[in-house]
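Take a look at the structure below.
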Amino acid sequence: MGKIESFTVSPTENARVGRSSIAEFLYEHIQSMKATNKPEYTAIITESEKLYNEVFSDISQRKQNLSKQVNLTKDVNDVKDEYFDLIDAFDAALILKFKKNSKEQKEVFPKGLSIFKKATIETIKEDMELMEKQGQKFDTALGSAFAVGFKNVKLKYLDTFNKQKSTQTQVKSIIPDYKTKKKLIDKQILKNICTIILSNPDQPDVLLTLFNDKLITPHRKTKTNDDNQLYLLKILAATHIAANFTFTSKDVLLITNNSSTVSIFYYAAATADAAVPATLHEILPDEEVEIAASTLGTGNKYIIFVNKDTTADVEVEIAFI
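To convert, note that position 155 of the sequence shown is 185 in our numbering; the numbers rise steadily by one, no gaps.
Here it is in structure tokens:
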């Protein structure tokens, strides 16, 4: 980009960083302008603060809700593990009482234990209802522990699951139309640059003290541009697909959901064809998230996207930052 041309594009316009980095960049810029006490900046400070509050005032609350959502997801998984342990104990009790491959064991687990452990969010509640009834059926032979245990774990799961869904709803309810607002931020930054230069015609380098562009500069994997390639991936309705690259534990990914109406889900795996697990991570419509690969699990090197919507395709952008 030429020197003149560079003044026609806001530094935030093509910045491949997450929303929180843009927020920090704008916040620091506002504080730096305030610190100068220059009356020439009053109008653009007011405009910038108004825009910041419209787009980012919910960030702290949203982060709290997201953190709460992550913790609740862990709680849901813990309850599922408790349920699976109870199934194992129930099977062991049936074998001890009636012997392995007895008609009683086959009656409870006609297709084996594995089918229950592959339960999805949509089926696990029905499975829990079934196991509660099976526990009641063998109440006399095995005691009441299993009937009570399956009932309690079902109630605990429903309670935790409903809290998780409620938190997800809270997260979604405070998302502004970021794509539209982002364009307003780009315009405001350009306006601020022009105002600052006009106010300091003999010291244009004052810009360097009022903007911290390190906050919106991607952290390159290596010195080659190829390593910062932007990947586009379309996930057809009701399908899942792995991105056509692998990551290492040192990478940081920036993922943008380009749909304005449909959430996209993802999980990490050691192989590109790994089965879809019951628990997935959600990226909301118009959302972009920064993901440290080190948080995606030891041994995992593929990221796989799941489109739960039955009619709409979804495109995501993925960049190594």
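Using N, Cα and C, we set each Cβ at its ideal position, and we do this for glycine too. Everything numeric in this text was worked out from a predicted model, so none of it was measured.
Whether residue i touches residue j by CB criterion (8 Å)
i       : j       : result
Val-306 : Phe-191 : no
Leu-266 : Glu-345 : no
Val-336 : Phe-277 : no
Thr-291 : Glu-347 : no
Glu-58  : Asn-242 : yes
Ile-333 : Ala-308 : no
Ile-226 : Leu-245 : no
Ser-78  : Ile-52  : no
Gln-166 : Ala-175 : no
Glu-159 : Lys-184 : yes
Length of the line joining the Cα atoms of residue i and residue j
i       : j       : result
Asn-350 : Ala-149 : In the sequence as displayed, the identity of residue 350 is Phe instead of Asn. Roughly 33 Å separates the two Cα atoms.
Ser-196 : Glu-156 : 21 Å
Gly-327 : Ala-65  : 44 Å
Gly-329 : Ala-300 : 6 Å
Lys-221 : Leu-260 : 28 Å
Asp-216 : Thr-76  : 16 Å
Ser-229 : Asn-83  : 26 Å
Glu-352 : Lys-338 : A query on residue 352 cannot be resolved here, the shown segment of the chain reaching from 31 to 351 and no further.
Ile-74  : Tyr-113 : 58 Å
Ile-321 : Asn-67  : 38 Å
Tyr-208 : Val-138 : 51 Å
Best match in the options for proximity to residue i [C-alpha to C-alpha]
i       : options                            : result
Thr-10  : Asp-232, Asn-330, Ile-223          : There is simply no residue 10 to check, as the chain begins at 31 and stops at 351 in what is shown.
Asn-101 : Met-161, Glu-137, Lys-193          : Lys-193
Asp-303 : Leu-188, Lys-331, Ala-45, Thr-153  : Lys-331
Lys-269 : Glu-137, Phe-139, Thr-340, Gln-233 : For clarity, residue 269 is Thr in the given sequence; the question names Lys instead. For the residues Glu-137, Phe-139, Thr-340, Gln-233, the minimum Cα distance to Thr-269 belongs to Thr-340.
Leu-143 : Ala-119, Ile-321, Glu-162, Glu-159 : Ala-119
Gln-198 : Glu-137, Met-63, His-311, Ile-321  : His-311
Beta-carbon contacts of residue i that lie in its chain and below 7 Å, excluding the five residues immediately before and after
i       : result
Pro-146 : The question names Pro, but residue 146 in the sequence shown is Phe. So the qualifying residues of the chain are Ile-117, Asp-157.
Pro-219 : Per the sequence shown, residue 219 should be read as Ile rather than Pro. These residues qualify, in order along the chain: Ser-40, Pro-41, Thr-42.
Phe-128 : Glu-134, Gln-135
Limits of the beta strand (DSSP E) - the one that residue i falls within
i       : result
Ala-349 : 344 to 350
Ala-298 : 294 to 299
Lys-264 : 260 to 265
Ala-272 : 270 to 272
Thr-66  : Element bounds for Thr-66: not the beta strand (DSSP E) but the alpha helix (DSSP H), 49 to 66.
Leu-283 : 282 to 287
Neighbourhood of residue i by C-beta, 6 Å cutoff - its chain only, sequence neighbours within 5 removed
i       : result
Glu-317 : Asn-287
Gly-179 : Leu-116
Asn-44  : none
Ala-323 : Phe-277, Ser-279, Asp-281
Ala-272 : Ala-302, Tyr-332, Ile-334
Glu-54  : Leu-245
Segment limits, alpha helix (DSSP H) that includes residue i
i       : result
Glu-312 : It is not in any alpha helix (DSSP H) - Glu-312 instead sits in the beta strand (DSSP E) that spans 311 to 313.
Lys-163 : 151 to 167
Ile-215 : 208 to 229
Asn-83  : 72 to 86
Ile-145 : 144 to 147
Ala-322 : Run containing Ala-322: none in the alpha helix (DSSP H); it sits in the beta strand (DSSP E), 318 to 322.
Beta-carbon proximity list for residue i, same chain, < 8 Å, skipping 5 on both sides
i       : result
Asp-343 : Lys-264, Ile-265, Leu-266, Ala-267, Asn-337
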